[in-house]
Amino acid sequence: MIESLKDVYLLENHTLNSVKMHDMVRDVAIWIANSLGDEHNSLIQAGLGLSEISHIKMSTSVKRMSFVSNKIERLPDSFMECPETTTLLLQDNYPLQNIPHEFFLAFPALRVLNLSGTGIRAPASSINSLYQLHALILQNCFGLKELPP
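Numbering (my numbering), first residue to last: 537 to 685.
(1) To the nearest angstrom, report how far apart N664 and N634 are at their CA atoms.
(2) Apart from the five residues on each side of it in sequence, which residues of its chain come closer than 6 Å, Cβ to Cβ, to L579?
(3) So who's on the other strand from E638, going by DSSP bridges?
(4) According to the Cβ coordinates, are L641 and S662 closer than 8 Å?
(5) Just to check my reading of the structure: P631 and G655 have Cβ atoms closer than 8 Å, yes? What is that Cβ distance to the nearest angstrom?
(6) Would N650 and L625 qualify as a contact pair, given that the criterion is a beta-carbon distance under 8 Å?
(7) Please state if the CB of G653 and the CB of D613 are separated by a distance shorter than 8 Å.
(8) Hey, quick one: how far does the beta strand (DSSP E) through K556 stretch, first residue to last?
(9) Could you check the C-alpha separation between T551 and T622 for me, to the nearest Å?
(10) Express the C-alpha separation of A565 and H591 in angstroms, rounding to a whole number.
(11) Give the DSSP-derived three-state secondary structure of L586 in the structure shown.
(12) Answer yes or no: do E682 and A658 have a C-beta to C-beta separation smaller than 8 Å?
(13) Taking I690 as part of the alpha helix (DSSP H), name the residues at either end of that continuous run.
(14) My output table needs one value for A660: the three-state DSSP class, helix, strand or coil.
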């Protein structure tokens with residue numbers, strides 16, 4: 537599959553073990569993902585240089601959220617209820633060091649949470665309320681000192 541995409545110039549070699557997608561192809565892929573309708577309801581705000589997400593407009597029916605590779609410094613103290621969100625991707629936001637205590641209460645159906653490459657010292661204690669969580673990814677969280685009991 538990768539070779540086929542490289543053959544038609546949708547991907548290019550980047551390093552020995554990785555490829556890079558052209559910015560325009562990435563933008564089109566995000567546009568398609570964001571416009572698939574309710575059954576594929578995703579919010580993708582990746583690589584946009586965002587420093588916060590409190591101003592982002594979204595539906596309560598969003599199933600997947602991606603804020604990957606931004607410059608998010610803080611998360612809102614209160615976040616709108618997202619009862620259908622199953623995936624929250626926040627990786628590669630190294631300036632993010634603190635997560636508000638009640639932040640995760642907005643995501644009762646969360647199954648996948650990626651905080652890799654953030655500067656967090658400890659996840660908010662409300663992470664214990666994520667009863668459906670299957671994957672908590674914390675790679676390269678070098679400032680991580682503790683996990684809630």
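Cβ coordinates follow ideal geometry from the N, Cα and C atoms, glycine included.
Looking at the atomic coordinates:
(1) Here residue 664 corresponds to residue number 128 of the sequence shown, with the count starting at 1. Here residue 634 corresponds to residue number 98 of the sequence shown, with the count starting at 1. Taking the straight line joining both Cα atoms gives about 16 Å.
(2) Taking the first residue of the sequence shown as 1, we reach residue 579 at position 43. Within the same chain, L579 has close Cβ partners M594, V598, M601.
(3) Within the sequence shown, residue 638 is the residue found at index 102, counting from 1. Bridge partners of E638: none, in fact.
(4) Position 105 of the sequence shown, counted from the first residue, corresponds to residue 641. Position 126 of the sequence shown, counted from the first residue, corresponds to residue 662. Less than 8 Å separates the beta-carbon of L641 from that of S662.
(5) Working through the sequence shown from its first residue, we reach residue 631 at position 95. Working through the sequence shown from its first residue, we reach residue 655 at position 119. Going by Cβ atoms, the distance from P631 to G655 rounds to 6 Å, so yes, they are a contact pair.
(6) Stepping through the sequence shown from its first residue, residue 650 is reached at position 114. Stepping through the sequence shown from its first residue, residue 625 is reached at position 89. Closer than 8 Å, so yes.
(7) Position 77 of the sequence shown, counted from the first residue, corresponds to residue 613. Position 117 of the sequence shown, counted from the first residue, corresponds to residue 653. For D613 and G653, no; Cβs fall outside 8 Å.
(8) Here the question's residue 556 lines up with position 20 in the sequence shown. First-last of the beta strand (DSSP E) with K556: 554-557.
(9) Counting from one through the sequence shown, the residue named residue 551 turns up at place 15. Counting from one through the sequence shown, the residue named residue 622 turns up at place 86. Cα-Cα distance, rounded: 32 Å.
(10) Numbered from its first residue, the sequence shown carries residue 591 at position 55. Numbered from its first residue, the sequence shown carries residue 565 at position 29. Computed Cα separation, rounded: 23 Å.
(11) Taking the sequence shown and counting its residues from 1, one reaches residue 586 at position 50. L586 falls in the coil class under three-state DSSP.
(12) Position 146 of the sequence shown, counted from the start, is the residue given in the question as residue 682. Position 122 of the sequence shown, counted from the start, is the residue given in the question as residue 658. In this structure, E682 places its C-beta atom within 8 Å of the C-beta atom of A658.
(13) Summary: the structure shown does not reach residue 690, with the chain confined to residues 537 through 685, and so no result is reported for it.
(14) For the purposes of this step, residue 660 is taken as the residue at position 124 of the sequence shown. If DSSP states are grouped into helix, strand and coil, A660 belongs with coil.
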